[in-house]
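Student:
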Amino acid sequence: MNDYLVKGISHNKQVRAYAAITTETIEEARRRHDMLSVASVVLGRSITAGVILGSMLKGEQKLTIKINGGGPIGTILVDANARGNVRGLVSNPHAPAPLNQQGAPDIRSAVGTNGNISVTKDTGLNHPFIGQVPIVSGEIGEDFASYLLHSEQVPSFVGIDVLVNPDYTIKAAGGFIIQPLPNTEENVSILEATPVQFQCECSRERIANAIVSLGSGEIQSIIDTDGQAEAQCHFCNEKYQFSRENLEEIKKLAI
Numbered sequence: 164m165n166d167y168l169v170k171g172i173s174h175n176k177q178v179r180a181y182a183a184i185t186t187e188t189i190e191e192a193r194r195r196h197d198m199l200s201v202a203s204v205v206l207g208r209s210i211t212a213g214v215i216l217g218s219m220l221k222g223e224q225k226l227t228i229k230i231n232g233g234g235p236i237g238t239i240l241v242d243a244n245a246r247g248n249v250r251g252l253v254s255n256p257h258a259p260a261p262l263n264q265q266g267a268p269d270i271r272s273a274v275g276t277n278g279n280i281s282v283t284k285d286t287g288l289n290h291p292f293i294g295q296v297p298i299v300s301g302e303i304g305e306d307f308a309s310y311l312l313h314s315e316q317v318p319s320f321v322g323i324d325v326l327v328n329p330d331y332t333i334k335a336a337g338g339f340i341i342q343p344l345p346n347t348e349e350n351v352s353i354l355e356a357t358p359v360q361f362q363c364e365c366s367r368e369r370i371a372n373a374i375v376s377l378g379s380g381e382i383q384s385i386i387d388t389d390g391q392a393e394a395q396c397h398f399c400n401e402k403y404q405f406s407r408e409n410l411e412e413i414k415k416l417a418i
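243 is the number that our numbering gives to position 80 of the sequence shown; each next residue is one higher, with no gaps.
Rendered as structure tokens:
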């Protein structure tokens, strides 16, 4: 399926939404720039945002996005217009792929957070509109949300991402921007409030039952070898100590 963008508005005309599928567009950029995974994600997110922001323009208007956070990816440039045309580049398409704690590419580190995101809009007037805000996360989506809020005074929910195959081709790409329209009423009713707290279901009794399931032979081996046992819950790190006497009582319940 070819890439496309849709625009929508809620029935009460208080919320508008833009959504785009950009998989083929990002794959074309990846192929032309011979990008590795991190560059594809970074430029892909920026291009997707550019496509959506461009759809908010009219006629022959166009915009240019520039992002530089001081990271190894370098400068990101994107040009887009109201007709769905977009192009983009990154300074370092072969930037290394630092990994975060989850083992996924660390986009924040690749982009950096010591810099700005700027959007220049050519609306056909004598002077272009230029908006610039500091990078807040380096994840691109959050940075565009910050730009829209602080530069254009439009609170926005921005979601954009790119999935890359092991061979560096683009598996999927797209995004959305949701915005309240002017004079939107904040008519929200809270239906229910539920307390939230950290609560583990582990207990000394549960741990004892787990020891029972080991069988009397294994429990006797623990008694003979260590004379005691300690169990720790992986969810809450609570530790439970069982003395020799405790283990002897537990063994009586085992088969």
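Note that the Cβ used here is the ideal one computed from N, Cα and C, for glycine as well. Treat the numbers as computed from the prediction; the structure is a model and nothing was measured.
If you draw a straight line from the C-alpha of A392 to the C-alpha of Q362, how long is it?
Tutor: Here residue 392 corresponds to residue number 229 of the sequence shown, with the count starting at 1. Here residue 362 corresponds to residue number 199 of the sequence shown, with the count starting at 1. Cα to Cα, A392 sits roughly 24 Å from Q362.
Student: If distances are taken between C-alpha atoms only, which option among N165, S173, V178, A183 comes closest to G337?
Tutor: Position 174 of the sequence shown, counting from 1, holds the residue named residue 337. That would be A183, whose Cα lies nearest to the Cα of G337.
Student: What span of residues does the beta strand (DSSP E) with R250 cover, start to end?
Tutor: Within the sequence shown, the letter at position 87 stands for residue 250. Unbroken beta strand (DSSP E) run through R250: 249-253.
Student: Can you tell me whether V359 is helix, strand or coil according to DSSP?
Tutor: Counting from one through the sequence shown, the residue named residue 359 turns up at place 196. It is coil, neither helix nor strand.
Student: If we call anything under 8 Å between Cβ atoms a contact, is I333 one with T186?
Tutor: Start at 1 with the first residue of the sequence shown, and residue 333 comes out as number 170. Start at 1 with the first residue of the sequence shown, and residue 186 comes out as number 23. Taking 8 Å as the Cβ cut-off, I333 and T186 qualify as a contacting pair.
Student: What is the DSSP secondary structure of E349, reduced to helix, strand or coil?
Tutor: Numbered from 1 along the sequence shown, position 186 holds the residue referred to as residue 349. Looking at E349 - three-state DSSP - the assignment turns out to be coil, as it is neither helix nor strand.
Student: Going residue by residue through the stretch 271-338, where are the continuous beta strand (DSSP E) segments of at least 3 residues, counting only ones entirely within it?
Tutor: Here the runs fully enclosed are 279-285, 292-297, 320-327.
Student: Exposed or buried, what is S218 when buried is set at 16 or more other beta-carbons lying within 10 Å of its beta-carbon?
Tutor: As a working mapping, residue 218 is identified with position 55 in the sequence shown. Buried is the call here.
Student: Going by the CB atoms, is the gap between A258 and P268 shorter than 8 Å?
Tutor: Numbered from its first residue, the sequence shown carries residue 268 at position 105. Numbered from its first residue, the sequence shown carries residue 258 at position 95. Not closer than 8 Å, so no.
Student: When you compare only the Cα positions, how much space is there between K402 and I370?
Tutor: Position 239 of the sequence shown, counted from the start, is the residue given in the question as residue 402. Position 207 of the sequence shown, counted from the start, is the residue given in the question as residue 370. Looking at the two C-alpha atoms, the distance is approximately 10 Å.
Student: Can you have a look at N424 and say buried or exposed, based on whether 16 or more other CB atoms are within 10 angstroms of its CB?
Tutor: What is shown of the chain runs 164 to 418, which leaves residue 424 out entirely.
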